[in-house]
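Trainee: Chains as they are written, first to last, in my numbering: chain A, 1 to 166; chain B, 1001 to 1166.
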DNA sequence: CTTGGAAAGTCAACAACACTGACATAAAGT
DNA sequence: ACTTTATGTCAGTGTTGTTGACTTTCCAAG
């Protein structure tokens, strides 16, 4: 099982099961840290992780439609609707009828929504910034490369859509 | 990539909000890919992610006690107990009364449990192996360094307990 | 030897967040 | 005119997490 593989002329990696498991557990434990800070903030406001995800992607791409958000998040419309409903009712998200296509609803954050978004992403960026600083610039590049390779192709498309600064 | 310079011997990273957000989304999308394969397998067997986590850590450290597992997973005993109950009733996990301390229950996988563990970890290792190969050996080191730095200290202890091979 | 507390298990209630299925409406496209 | 798309909603269900209360077992300290 702890095999090394020859990939026709490509880089050879000798990966033992132990090394792979270490990577698997790193994902598990790191993801917990990754969500810990936002979870605390969300709890204060009476929201959950699902609200965070919606807010994040509405902020990333203001005016995106419900269908687009649905495909990014990978959940059912019933599930998203429950979350979106509360955010709209609470005045964090605005749903505007499309001008060209009047069926579509374009989602925007209100000033209140933007304030929560900043609070959430600020905490998460601090965690990310700290990890980056500890690990160093070389590590950051590798981190992103491995994560990108780990995504399903559909999700990678959404990811690569984001501008990069690199 | 990440701009860097040296100041007082320490490497400084100049990280824009866009770069940090890219890292945040990488975590989000990658974690989805990371759990996708096991989720499909678990579904076939009528289990969920919580069962997977329990099986994983019992396999990693056979004979660990319920309390230890509780602290690794970071859930309440009521929540774990529900999951553990089904795994024991289904004959995947064995709960042995401690010899020294008869209150403690030491958890082991049965052959059936080990079979499911191999199925699950095999799929997850394949995904990890593929990502590693795509990204290259340099990237793998960075990946692990950033993830480790992202963990909460308590979780990092559990992570570092694992032997490494590297 | 008694007692305090730790380890484990269980019951009940509840909440967040996902799912399926069914159905309704409006508007766009053919 | 007919079909498809986008959205929203109602109802029901399942997994996984939470609190709180309570019991049994049993180690260990007084």
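From the three backbone atoms N, C-alpha and C, an ideal C-beta is built for every residue, glycine too.
Find the residues of chain B that neighbour residue 158 of chain A, judging by a C-beta separation of less than 9 angstroms, and give them in chain order.
Mentor: Within chain B, the residues near residue 158 of chain A are 1025, 1029.
Trainee: Counting only runs of 4+ residues fully inside the region 1 to 86 of chain A, write out the alpha helix (DSSP H) ranges in chain order.
Mentor: 17 to 45, 49 to 60, 66 to 73
Trainee: Counting only Cβ-Cβ distances shorter than 8 angstroms, please list the residues of the region 1131 to 1156 of chain B near chain A, keeping chain order.
Mentor: 1131, 1132, 1133, 1134, 1135, 1136, 1137, 1138, 1139, 1140, 1141, 1142, 1143, 1144, 1145, 1146, 1147, 1148, 1149, 1150, 1151, 1152, 1155, 1156
Trainee: For the alpha helix (DSSP H) containing residue 107 of chain A, list its first residue and its last residue.
Mentor: Unbroken run through residue 107 of chain A is the beta strand (DSSP E), 105 to 109; no alpha helix (DSSP H).
Trainee: Output needed for residue 1119 of chain B: all residues of its chain with C-beta closer than 8 angstroms, excluding positions within five of it in sequence on either side, in chain order.
Mentor: 1041
Trainee: So, using beta-carbon positions, are residue 1027 of chain B and residue 116 of chain A closer together than 8 angstroms?
Mentor: no
Trainee: Should residue 1074 of chain B and residue 32 of chain A be called a contact, given that it needs their Cβ atoms to be closer than 8 angstroms?
Mentor: yes
Trainee: So which residues of chain A does residue 1125 of chain B contact, with C-beta pairs closer than 8 angstroms?
Mentor: 17, 20, 21, 24
Trainee: Are the beta-carbon atoms of residue 1037 of chain B and residue 1127 of chain B separated by less than 8 angstroms?
Mentor: yes
Trainee: Okay, do the region 131 to 150 of chain A and the region 77 to 84 of chain A touch, 3+ Cβ pairs below 8 angstroms being the bar?
Mentor: no
Trainee: According to a CB-to-CB cut-off of less than 8 angstroms, which residues of the region 1036 to 1051 of chain B neighbour chain A?
Mentor: Residues of the region 1036 to 1051 of chain B whose Cβ lies closer than 8 angstroms to any Cβ of chain A, in chain order: 1036.
Trainee: Which complete beta strand (DSSP E) runs does the region 92 to 139 of chain A hold, if anything under 3 residues is left out?
Mentor: Correct list: 93 to 97, 105 to 109.
Trainee: So with CB distances below 8 angstroms, who are the chain B contacts of residue 32 of chain A?
Mentor: 1074, 1151, 1152, 1155
Trainee: What first and last residue would you give for the alpha helix (DSSP H) that runs through residue 1155 of chain B?
Mentor: 1153 to 1160
Trainee: Ignore the nearest five residues each way along the sequence and tell me which others in residue 1083 of chain B's own chain have a CB closer than 7 angstroms to its CB.
Mentor: 1050, 1051, 1054
Trainee: Just checking: is the beta-carbon of residue 162 of chain A within a distance shorter than 8 angstroms of some beta-carbon in chain B?
Mentor: yes
Trainee: Report the rounded CA-to-CA distance for residue 72 of chain A versus residue 60 of chain A, giving the unit in angstroms.
Mentor: If I take the Cα positions, the gap works out to 12 angstroms.
Trainee: Use the C-beta contact count for residue 1045 of chain B: other C-beta atoms within 10 angstroms, 16 or more gives buried, fewer gives exposed.
Mentor: exposed
Trainee: Between the region 85 to 115 of chain A and chain B, which residues of the former have CB atoms less than 8 angstroms from a CB of the latter, in chain order?
Mentor: Within the region 85 to 115 of chain A, not one residue has a Cβ closer than 8 angstroms to any Cβ of chain B.
Trainee: What separation, rounded to the nearest whole angstrom, lies between the Cα atoms of residue 1122 of chain B and residue 1056 of chain B?
Mentor: 12 angstroms
Trainee: Is the beta carbon of residue 1070 of chain B less than 8 angstroms from the beta carbon of residue 1092 of chain B?
Mentor: no
Trainee: Using a Cβ-Cβ cut-off of 8 angstroms, state whether residue 118 of chain A counts as contacting chain B.
Mentor: no
Trainee: Take residue 106 of chain A as the anchor and find which of A:133, A:16, A:64 has the nearest alpha-carbon.
Mentor: Taking only the C-alpha atoms, the option nearest residue 106 of chain A is A:64.
Trainee: Can you tell me the Cα-Cα spacing of residue 240 of chain A and residue 1150 of chain B, whole angstroms?
Mentor: Any question about residue 240 of chain A goes unanswered here, given that chain A covers just 1 to 166.
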